[in-house]
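As you go down the protein sequences, you meet chains A and B in turn.
So the first sequence is numbered by UniProt numbering: it starts at 1 and just counts up by one.
So the second sequence is numbered by UniProt numbering: it starts at 1 and just counts up by one.
The structure appears below as structure tokens.
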Amino acid sequence: MSDRLTHLTVHPHLWRASYKTSSENKARIPSGFTLLDSALGGGWPQAGLIRLRTLQGIGEVELFLTLLQHMCHPHLLVFINPPGRIQASWLIKYKIEPDDVVFLTGTHEQNLWAAEQCLKNDACQIVLVWSGQPLSLTQARRLQVNAKQHQSVCILFEYQHVLRQSLPLELDLSLIREQAAVTLNIEKQLGGWPRVGLQLTYSPIPSNNSILSAFTRYAQTYSKHEQVS
Amino acid sequence: MLWLFLDFHQLSLDALAPILDKEEPRPCVIYEAEVNQIVQCNSYATEAGIEVGMGMAQAASLCSDLSIIDYKVDRETSHLKILANSLYQLIGDIVLIPPASLALRLDPSIRFYDGLRPLCQTIMNELNQQKVNFHFATGWSIESAKVLAKAKMDRILSDQAAIHNALLQCHLNQTDLTTQQVDSLARVGIHTLQSLLSLPTTEIGKRFDNKLISYLTALRGEVFPTCVYFHPEEKFAETIEPAYEISQTQHLLPWVNRLLNQLAVFLRLRNQVTASLTLTLFFREKEKESLQIGSAYPLSLAANWLPLFELHIEKLTLTEPVTALGLTANQTEQMNGHNSDFFYHRFHYFAKMQLLGKLQAKLGSDNVCTPTFNNDHRLEEASPAANFPAFIPHWHPLFIATTPLPLSESSQIQFGPVRIQTGWWDDQDVKRDYFIAQTSKGELLLVYKSSPEQQWFIQGWYG
Numbered sequence: 001m002s003d004r005l006t007h008l009t010v011h012p013h014l015w016r017a018s019y020k021t022s023s024e025n026k027a028r029i030p031s032g033f034t035l036l037d038s039a040l041g042g043g044w045p046q047a048g049l050i051r052l053r054t055l056q057g058i059g060e061v062e063l064f065l066t067l068l069q070h071m072c073h074p075h076l077l078v079f080i081n082p083p084g085r086i087q088a089s090w091l092i093k094y095k096i097e098p099d100d101v102v103f104l105t106g107t108h109e110q111n112l113w114a115a116e117q118c119l120k121n122d123a124c125q126i127v128l129v130w131s132g133q134p135l136s137l138t139q140a141r142r143l144q145v146n147a148k149q150h151q152s153v154c155i156l157f158e159y160q161h162v163l164r165q166s167l168p169l170e171l172d173l174s175l176i177r178e179q180a181a182v183t184l185n186i187e188k189q190l191g192g193w194p195r196v197g198l199q200l201t202y203s204p205i206p207s208n209n210s211i212l213s214a215f216t217r218y219a220q221t222y223s224k225h226e227q228v229s
Numbered sequence: 001m002l003w004l005f006l007d008f009h010q011l012s013l014d015a016l017a018p019i020l021d022k023e024e025p026r027p028c029v030i031y032e033a034e035v036n037q038i039v040q041c042n043s044y045a046t047e048a049g050i051e052v053g054m055g056m057a058q059a060a061s062l063c064s065d066l067s068i069i070d071y072k073v074d075r076e077t078s079h080l081k082i083l084a085n086s087l088y089q090l091i092g093d094i095v096l097i098p099p100a101s102l103a104l105r106l107d108p109s110i111r112f113y114d115g116l117r118p119l120c121q122t123i124m125n126e127l128n129q130q131k132v133n134f135h136f137a138t139g140w141s142i143e144s145a146k147v148l149a150k151a152k153m154d155r156i157l158s159d160q161a162a163i164h165n166a167l168l169q170c171h172l173n174q175t176d177l178t179t180q181q182v183d184s185l186a187r188v189g190i191h192t193l194q195s196l197l198s199l200p201t202t203e204i205g206k207r208f209d210n211k212l213i214s215y216l217t218a219l220r221g222e223v224f225p226t227c228v229y230f231h232p233e234e235k236f237a238e239t240i241e242p243a244y245e246i247s248q249t250q251h252l253l254p255w256v257n258r259l260l261n262q263l264a265v266f267l268r269l270r271n272q273v274t275a276s277l278t279l280t281l282f283f284r285e286k287e288k289e290s291l292q293i294g295s296a297y298p299l300s301l302a303a304n305w306l307p308l309f310e311l312h313i314e315k316l317t318l319t320e321p322v323t324a325l326g327l328t329a330n331q332t333e334q335m336n337g338h339n340s341d342f343f344y345h346r347f348h349y350f351a352k353m354q355l356l357g358k359l360q361a362k363l364g365s366d367n368v369c370t371p372t373f374n375n376d377h378r379l380e381e382a383s384p385a386a387n388f389p390a391f392i393p394h395w396h397p398l399f400i401a402t403t404p405l406p407l408s409e410s411s412q413i414q415f416g417p418v419r420i421q422t423g424w425w426d427d428q429d430v431k432r433d434y435f436i437a438q439t440s441k442g443e444l445l446l447v448y449k450s451s452p453e454q455q456w457f458i459q460g461w462y463g
């Protein structure tokens with residue numbers, strides 16, 4: 001009996017909470033944030049469905065920048081149903097070849113069909129899907145299985161007004177931005193513990209600092225000038 | 001059987017366009033001296049009022065800085081072979097119909113592509129990449145598809161009845177009948193295929209020769225004339241004839257690059273690499289000159305070969321203008337294991353083409369896009385793509401709204417202003433100050449104020 005039990009415990013899909021990070025986790029891609037890397041056991045996973053609950057335009061894609069850069073060329077990077085037209089200058093800024101990028105729009109069913117086709121195809125390793133309505137359990141399961149089987153990543157962006165449902169995922173995240181501070185919650189992860197309230201600092205916008213510092217310097221010299229006169 | 005007929009109506013121009021346009025876009029026509037007719041003209045020439053079929057004198061009087069290139073059958077046929085080679089990657093049954101048409105047999109390949117539409121979409125994508133203009137149509141035999149393509153059908157029909165109906169509407173000028181035969185039929189009031197095909201065969205047989213009868217039976221799809229399928233060459237040997245004579249060495253490079261790209265496709269399909277190439281330069285008077293260019297390590301990609309050619313060509317001095325260039329691969333060898341990354345890319349190329357074909361077929365090609373550059377400061381402008389970005393603004397967001405949305409939330413400005421004042425040349429002038437604003441929920445938006453109503457609009461999101 002105990003022999004059978006040990007046989008069961010070495011099964012790669014069985015994870016016990018007392019285990020340290022499993023051998024699978026070696027193949028992880030550093031996220032560029034040390035805090036996040038340690039919480040995720042080395043970085044982003046190389047396969048599976050990742051969900052990020054987010055608002056539109058808080059740096060939700062830029063969070064995955066290292067993953068996109070790592071998995072893109074010569075593979076395709078597919079944006080399915082993004083909130084707007086993808087700007088080539090943004091891609092160039094982060095050294096992603098615009099020719100490797102495809103974006104498409106369709107109905108909810110078409111989007112999921114396209115996501116599945118892309119995950120199955122060898123030319124494509126990373127798919128970003130925006131969904132306006134919640135995915136059903138079977139739909140999410142299909143994406144997760146396809147991604148796992150073909151060693152590709154599917155990132156599902158779900159807006160915060162969409163009803164939250166528990167789905168079979170590799171990694172479940174939510175992102176909140178307040179002014180410059182970004183808080184990331186790891187709600188659930190395969191082979192690891194959830195972590196809430198990770199503070200990250202990054203900004204997807206250019207800063208006005210040079211102008212502001214020039215203004216303050218000008219203001220100082222001006223006020224000095226005032227005093228002298 | 002289902003055949004797709006592709007009629008490349010301005011193949012000579014398309015073959016020369018990528019290099020001619022780069023130098024100087026100007027009106028350009030292909031002229032056939034034997035019949036004193038313009039046979040092909042580019043868009044600039046059409047704008048100037050030149051039409052196919054005009055004589056030289058009329059064309060020259062319409063446009064003063066017209067560049068005229070002589071029509072050469074060899075040039076068209078060789079470019080047709082290049083197209084056939086590139087399509088051979090996607091479909092096996094190709095029939096060359098010189099000088100400027102291809103017939104593809106679709107039915108054996110349909111099941112590899114999950115249906116007719118993905119297959120056709122993949123073929124169209126490949127042809128669009130080759131940047132050629134063409135008319136196409138489908139039919140049950142090469143002859144029927146040809147007639148429909150000449151009638152500029154430009155639709156894929158798979159239903160027999162629909163093809164039959166379309167065929168009956170065609171005028172006899174679009175068939176392979178000689179002008180003499182068309183004239184004599186017109187004299188008895190027969191102008192369309194419908195009236196010709198309704199005549200009993202014996203009646204036609206009394207008045208016309210056997211060739212016409214066999215043509216008509218082939219058109220009806222009653223017999224299928226044998227055709228010779230295209231097979232790619234065993235060895236790579238291509239010659240290219242530029243539209244003008246080249247007297248400066250740096251002008252050779254774009255043409256060499258083109259030959260190298262053809263070589264790369266050739267080698268990729270055969271899973272081969274080569275370590276030595278011969279470049280042959282042809283002159284008008286002098287004997288041709290050959291250059292041996294070797295590499296220490298067998299290569300296949302054009303990007304790897306081109307620097308070596310650049311070095312060789314730099315040293316060259318041309319005593320006489322070059323009229324044509326030839327490239328031959330001397331010895332090819334099989335790829336072996338240690339350069340397996342070669343396989344990797346080949347695999348992805350085909351997988352990528354297949355995926356894009358599938359997606360476009362299902363979602364419609366307008367809904368599947370690739371981000372392009374436009375050398376324009378206006379953000380919503382979808383102007384023709386530029387090959388090379390003149391500037392890369394660091395403040396652009398990832399997502400641009402297709403139509404700007406009114407800003408309804410209170411927000412704080414984080415960055416800006418960036419003033420855009422441009423577009424006075426095409427009546428869509430824009431004068432805007434762009435700011436990056438953050439809402440209370442943390443969303444980062446690209447906003448601007450529109451002048452008449454003083455209303456703020458959202459142009460993009462920083463994802």
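A virtual CB, placed ideally from N, CA and C, is assigned to each residue, including glycine.
This one's a predicted model, so the numbers in the text were calculated from it and none came from an experiment.
Buried or exposed for N111 (chain A), please, with buried defined as at least 16 other CB atoms from any protein chain shown within 10 angstroms of its CB. buried
Residues of chain B with a CB under 9 Å from the CB of C154 (chain A): which are they? Below the 9 Å Cβ cutoff, chain B contributes no neighbours of C154 (chain A), its closest Cβ being approximately 15 Å away.
Apart from the five residues on each side of it in sequence, which residues of its chain come closer than 6 Å, Cβ to Cβ, to L263 (chain B)? F236
For W424 (chain B) and Y44 (chain B), I'd like the C-alpha separation in whole angstroms. Distance from the CA atom of W424 (chain B) to the CA atom of Y44 (chain B), rounded to whole angstroms, is 23 Å.
If you measure from the beta carbon of W461 (chain B) to each beta carbon in chain A, is any gap under 9 Å? yes
When the cut-off is 9 Å and only beta carbons count, does K95 (chain A) lie next to chain B? no
In angstroms, rounded to a whole number, what distance separates the CA positions of K93 (chain A) and K120 (chain A)? 29 Å
If the cut is a Cβ gap below 9 Å, which residues of chain B does I50 (chain A) touch? Under the 9 Å cutoff, chain B gives no residues; its nearest Cβ is about 15 Å from I50 (chain A).
Check whether the stretch 309-323 of chain B touches the stretch 281-294 of chain B, counting contact only when three or more Cβ pairs, one atom from each stretch, lie closer than 8 Å. The stretch 309-323 of chain B, when compared against the stretch 281-294 of chain B, does touch it at the 8 Å Cβ threshold.
N-terminal and C-terminal residue of the beta strand (DSSP E) that I97 (chain B) is part of: I94 to I97
With a threshold of 16 other CB atoms inside 10 Å of the CB of Q220 (chain A), please say whether the residue is buried or exposed. exposed
My understanding is that L49 (chain A) touches I80 (chain A), with C-beta atoms under 8 Å, so please give their C-beta distance in whole angstroms. Not really, about 13 Å apart at Cβ, beyond 8 Å.
Anyone know if the C-beta pair for N185 (chain A) and L171 (chain A) falls short of 9 Å? no
Name the one or two DSSP bridge partners that V418 (chain B) has. B:Y434
Can you grab the Cα-Cα spacing for the pair D74 (chain B) / D154 (chain B), in whole Å? 27 Å
For R85 (chain A), write down the residues that DSSP places opposite it in a beta bridge. B:I400
Any chance the stretch 121-137 of chain B sits against the stretch 359-375 of chain B, with 3 or more Cβ pairs inside 8 Å? Touching, yes.
CB-CB length for L379 (chain B) against I400 (chain B), believed under 8 Å: About 6 Å separates the two Cβ atoms, so the contact holds.
Run through chain B and tell me which residues come within less than 8 Å of W44 (chain A), C-beta to C-beta. Near W44 (chain A) there are no residues of chain B at all, since even the closest Cβ is about 17 Å away, more than 8 Å.
So with Cβ pairs under 9 Å, would you call F33 (chain A) a contact of chain B? no
Just the chain A side, please: which residues come within less than 8 Å of V367 (chain B) by C-beta, in chain order? Looking at the sequence itself, residue 367 (chain B) is Asn, so the reference to Val does not match. Chain A residues near N367 (chain B): L104, T105 and G106.
Whole-number beta carbon distance between N261 (chain B) and A302 (chain B), since they are thought to touch under 8 Å: 5 Å
Over the uninterrupted beta strand (DSSP E) stretch that includes W15 (chain A), give me the two end residues. Premise fails: W15 (chain A) is in no beta strand (DSSP E) and is neither H nor E.
Mind pulling the beta strand (DSSP E) runs of 3 or more residues that sit fully within the stretch 133-189 of chain B? 135-139
Classification of R53 (chain A) by the beta-carbon crowding that lies within 10 angstroms, buried from 16 upward: buried
6 Å Cβ shell around S22 (chain A) - same chain, five flanking residues per side excluded: Note that S22 (chain A) scores a pLDDT of 48, beneath 50, so its modelled location is shaky; the value from the coordinates is reported in the next line. Hits under 6 Å: G191.
Comparing alpha-carbon positions, which option in A:Q165, A:G43 and A:D122 lies nearest L35 (chain A)? When each option's Cα is compared against that of L35 (chain A), the closest is A:G43.
Would you list the residues sitting across from P406 (chain B) in a DSSP beta bridge? Assignment of beta-bridge partners to P406 (chain B) by DSSP yields B:F457.
What did DSSP end up calling I69 (chain B) once you bin it into helix, strand or coil? strand
Spatial distance of E285 (chain B) from F309 (chain B) (CA atoms): 25 Å
Proximity test, Cβ basis, 9 Å: W395 (chain B) and chain A: yes
Just the C-alpha distance for E320 (chain B) and Y71 (chain B), rounded to the nearest angstrom, thanks. 24 Å
The stretch 399-417 of chain B: which residues have C-beta closer than 7 Å to a C-beta of chain A, in chain order? F399, I400, A401, T402, Q414 and F415
Pair within 9 Å by beta-carbon distance, K449 (chain B) and D433 (chain B): Cβ atoms of K449 (chain B) and D433 (chain B): closer than 9 Å.
Which residues bound the beta strand (DSSP E) around G205 (chain B)? From DSSP, G205 (chain B) is part of no beta strand (DSSP E) but of the alpha helix (DSSP H) over T201 to R207.
Kindly say whether Y349 (chain B), judged by its beta-carbon, lies nearer than 9 Å to any beta-carbon of chain A. yes
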